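Notes for the one structure printed next.
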Amino acid sequence: MVLKEVEKPEDFKTFEIVDIQKRYYSTTQIEIATFIATYYFSSLGEALGLFIPRRVLFSTHQEKENNDALENIPCKLPTLSSDQEKAYQEILTKDRSLLFGVTGSGKTEIFISLMAKTISEGKKVIFLIPEISLTPQMQNRLEKYFGNRVIMWHSKLTSLQKERYLNAIYNDEVDIVAGARSALFTPLKDVGLIIVDEEHDDSYKSMMKPRYHARDMAVYMGNKIGAKVLLASATPSLSSYYKYEVVRLFKPFIKTEKRYFFVNGTSLTNAMIKRLNYNFKIGEQSLLFVPTRGNFKYLYCQKCGVTHLCPFCSVGMALHRKVRHLKCHYCNYTEAIRDTCTHCGHTPLTSQRMGTVEAKEMIESAIPDMVVEQFDRDSITTPSKLKKALKRFEAKESHLLLGTQMLSKGHDYANITLSIILGIDHILGLSDYRARERAMALLIQIAGRSGRAKSADVIIQSANQDFFELYLNDYEAFLRDEQFFVEDMYPPYRSLARILIAHTKEEKASKITLDVVNKLKAFKEIEIVGHGKAPIERISNKFRFNILLRSEKRSTLLRALHSVNNRAIEIDMDPVEFS
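Start counting at 1 in the sequence shown, then tack on 859, and there's your number in the numbering used here.
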């Protein structure tokens, strides 16, 4: 990509330009990419790599006139309730806002009304959803109202699909681009509205360079191009709740009764299976949340207590009994299932923590006629599999939705009247300042999948009933209390950054870490919270160290980080992952 013309250098070899592509980056795209490179500590090339270039239009090209939105809408727009209409009107008065609506309150109907108004004004819409898991149901809803003027953009598209969609964008045949975070960087012109649904979801944060956060970039881009930005969630992040004006929607569209029951234990019990069987026999559907995908998480030795580790990473290898192998989820190293401890030689090794496969086997053994839909990343590997699984469940061809955190991703299941949630204490116990927020949000999101159209029971396996019970029906009360917990320590009141160091030689990684720490000590307004070996000490045969920084002023933190930035380190600004 040509950024600017300069004098021909004499000290290194250059090449002649042999071809010029009919695509370009707009000035705005370059300015936004420059911000990403500066704020998230990537090269400009890496930042520009997020964007899809625009296409050169020749004088013979006739720009299509924008038709009135109603001419493009196959179906009549949804009729808003009085509460929805009030929220809709309030959003119209704000350039940046957070729609805080309980599960089932009808946020999507408000989105559709806002989209239609934006399109009627000759503008386009970007609609972000956290993961591919949301796209089939949302695609159906959007196409119902906006027909083929909608495209769903995500990483699973084939090159042929991408080319077809891009041509549609270039030819002004698209009004709405919906999809995961990469949808933000499509070459859509005249964007007047950006919606970020489920804005609390951590999958909006990239874990690779550039380590940008799509929600925060949506707000930045909205400011840059003059577009309205709406964030939305039933469990908004504390940062967004603190930063943006809140529009509330606290009544579900269909009022139903939801009963909560807390039970002790750490695994699926016979009493739970009996409850699932009862629900199945009366013709109702159920949901079971398990925190771990696959079969068992790790193998460990009962004699010496050592977990079987990946030879290249300091993490346990996950057991995938269905395909009979152990796999490291960090470097993808795979080996056959072992019986003997590599540390002390004891036989046999034992499995730790229940996963989706074992839970499925237990249920199918106890209730042979029940059809269980496994809903995790090992089973749902393509958009086609996701669509088929959802279609079977909606048609009542399957009776139990069994899965991991994919279950919390905003799907609507009208006929679920029983939800069982296992292992929520595992989330609460994470070494993360947001552990309480993550656990509470996950619990409410999963519980929100049931009781949409009829009354439902929610069984929660937890030893922390006193904590969870306080906020089950008032997540805003939790956010208000959580503000006192993080005040003067964590975002949104302080800025955080994490520096990552990795090297094949441990002593070299350690030296780089200490050198960076010594340089950072010159900045008195920067607090070095801690430094040393990373929680996972080795990945892909590289030894890993990290430094955690905190500052009251973001500008000061950025200045300090730029003073130490080099190729030997990686900087994660506003980190959401600490393990």
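Even glycine gets a Cβ: it sits at the ideal position worked out from N, Cα and C.
In this text the structure is predicted, and so the values were computed from the model without any measurement.
Smallest Cα separation from residue i: which of the options?
i: Ala1254; options: Pro1350, Arg1297, Ile1305, Gln1144; result: Gln1144
i: Ala1218; options: Ile1280, Leu1127, Leu1043, Leu1185; result: Leu1127
i: Ala1130; options: Asn1424, Ile1319, Asp1433, Ile1360; result: Ile1319
i: Asp954; options: Arg1118, Asn1274, Met1080, Glu1232; result: Met1080
i: Lys1392; options: Ser1369, Lys1380, Ser1399; result: Ser1369
i: Glu1328; options: Val1122, Gln948, Lys1083, Phe970; result: Val1122
i: Glu1429; options: Phe871, Ala896, Tyr883; result: Ala896
i: Ile950; options: Lys1087, Pro868, Ile879; result: Lys1087
i: Asn1400; options: Ser1414, His1362, Asn1424; result: His1362
i: Thr1241; options: Leu907, Glu990, Thr977; result: Glu990
i: Leu862; options: Lys872, Ile889, Phe871; result: Ile889
i: Ile1196; options: His1167, Ser1224, Glu1220, Met1221; result: His1167
i: Leu1261; options: Arg1293, Leu1289, Ile1305; result: Ile1305
i: Arg809; options: Ile1279, Asn1377, His1179, Tyr1101; result: Limits of the chain in this structure are 860 at one end and 1438 at the other, which puts residue 809 out of reach.
i: Arg914; options: Asn1030, Ile1132, Glu944, Asn1377; result: Asn1030
i: Tyr883; options: Leu1025, Phe874, Tyr1101, Pro912; result: Pro912
i: Phe1337; options: Ala1294, Asn1377, Lys1367, Glu1365; result: Ala1294
i: Leu1434; options: Thr893, Asp1061, Asn1332, Asp870; result: According to the sequence as given, residue 1434 is Pro; it is not Leu. The option with the nearest alpha carbon to Pro1434 is Asp1061.
i: Leu1001; options: Asp1271, Phe970, Tyr1024; result: Phe970
Does DSSP put residue i in a helix, a strand or coil?
i: Lys872; result: coil
i: Phe910; result: coil
i: Ser819; result: Residue numbering for the chain in the displayed model covers 860 to 1438; residue 819 lies beyond these limits and cannot be assessed.
i: His920; result: Its pLDDT being 42, under 50, His920 is placed unreliably in this model, and the coordinates cannot settle the point.
i: Arg1297; result: helix
i: Ala1077; result: helix
i: Gln1233; result: strand
i: Tyr1330; result: helix
i: Gln880; result: coil
i: Thr1263; result: coil
i: Gly1124; result: coil
i: Tyr1071; result: coil
i: Gly1389; result: strand
i: Gly963; result: coil
i: Glu1429; result: strand
i: Phe1404; result: strand
i: His1421; result: helix
i: Met974; result: helix
i: Val861; result: coil
i: Ala1306; result: helix
i: Arg1311; result: coil
i: Ala1381; result: coil
i: Gly1204; result: coil
i: His1179; result: strand
i: His1013; result: coil
i: Lys1186; result: strand
Got a sec? Which residues, its chain only, sit under 6 Å from residue i by beta carbon, not counting five neighbours each side?
i: Lys1246; result: Pro995
i: Ala1248; result: Glu1232
i: Leu1359; result: Asn1405, Glu1429
i: Leu1016; result: none
Might you give, ordered along the chain, the residues of its own chain that have their beta carbon closer than 8 Å to the beta carbon of residue i, omitting 5 neighbours on each side?
i: Cys1187; result: Cys1169, Phe1171, Cys1172, Val1174, Met1176, Ala1177, Thr1193
i: Thr1263; result: Phe1148, Val1149, Pro1150, Thr1151, Arg1152, Thr1215, Phe1234, Asp1235, Arg1236
i: His866; result: As written in the sequence, residue 866 is Glu, which differs from the His given in the question. Here the set comprises nothing.
i: Ile1028; result: Ile1010, Val1036, Thr1045, Pro1046, Leu1047
i: Arg1339; result: none
i: Arg1413; result: Ser1354
i: Arg1183; result: Ala1195, Ile1196
i: Phe1120; result: Asp1316, Val1317, Ile1318, Ile1319
i: Glu905; result: Ala896, Lys1068, Pro1069
i: Thr1209; result: Leu1158, Tyr1159, Cys1160, Gln1161
With a CB to CB cut of under 7 Å and the five nearest residues on each side skipped, what residues in its chain are close to residue i?
i: Ser1410; result: Arg1353, Ser1354, Glu1384, Ile1385, Glu1386, Leu1416
i: Ala1298; result: Ile1283, Ile1286, Leu1287
i: Ala1073; result: Leu987, Arg1040, Leu1043, Tyr1063
Between residue i and residue j, how many whole angstroms is the CB-CB distance? I'm expecting something under 8 Å.
i: Ser956; j: Leu1158; result: Actually they do not touch by this definition, with Cβ atoms about 49 Å apart.
i: Gly965; j: Phe1112; result: 4 Å
i: His1258; j: Phe1404; result: Actually they are not in contact, since the Cβ atoms of His1258 and Phe1404 sit about 49 Å apart, beyond 8 Å.
i: Ala1042; j: Gly960; result: Between Gly960 and Ala1042 the Cβ distance is about 22 Å, and since that is not below 8 Å, they are no contact.
i: Tyr1063; j: Tyr899; result: No, Tyr1063 and Tyr899 are not in contact; Cβ-Cβ is about 13 Å, not under 8 Å.
i: Thr1115; j: Gly908; result: About 47 Å; that fails the 8 Å criterion.
i: Val1388; j: Leu1373; result: Val1388 to Leu1373, Cβ: 16 Å. No contact.
i: Leu936; j: Ser979; result: Wrong, their Cβ atoms sit about 11 Å apart, outside the cutoff.
i: Tyr1101; j: Pro1351; result: 4 Å
i: Glu1341; j: Glu1296; result: 6 Å
I want to check one thing, is the minimum distance from the CB of residue i to the heavy atoms of the ligand SAH below 7 Å?
i: Arg1418; result: Judged by which ligands are present, the structure shown has none, so any question about the ligand SAH falls away.
Between the stretch 995-1014 and the stretch 1093-1113, do at least 3 Cβ pairs fall closer than 8 Å? Judged by Cβ distances under 8 Å, the stretch 995-1014 makes no contact with the stretch 1093-1113, as fewer than three pairs qualify.
Are the stretch 1020-1028 and the stretch 1050-1058 touching by the rule of at least three beta carbon pairs closer than 8 Å? The stretch 1020-1028 is not in contact with the stretch 1050-1058.
Answer yes if the stretch 1346-1366 comes into contact with the stretch 1307-1314, meaning at least three C-beta pairs across the two stretches below 8 Å, and no otherwise. No, the stretch 1307-1314 is not in contact with the stretch 1346-1366.
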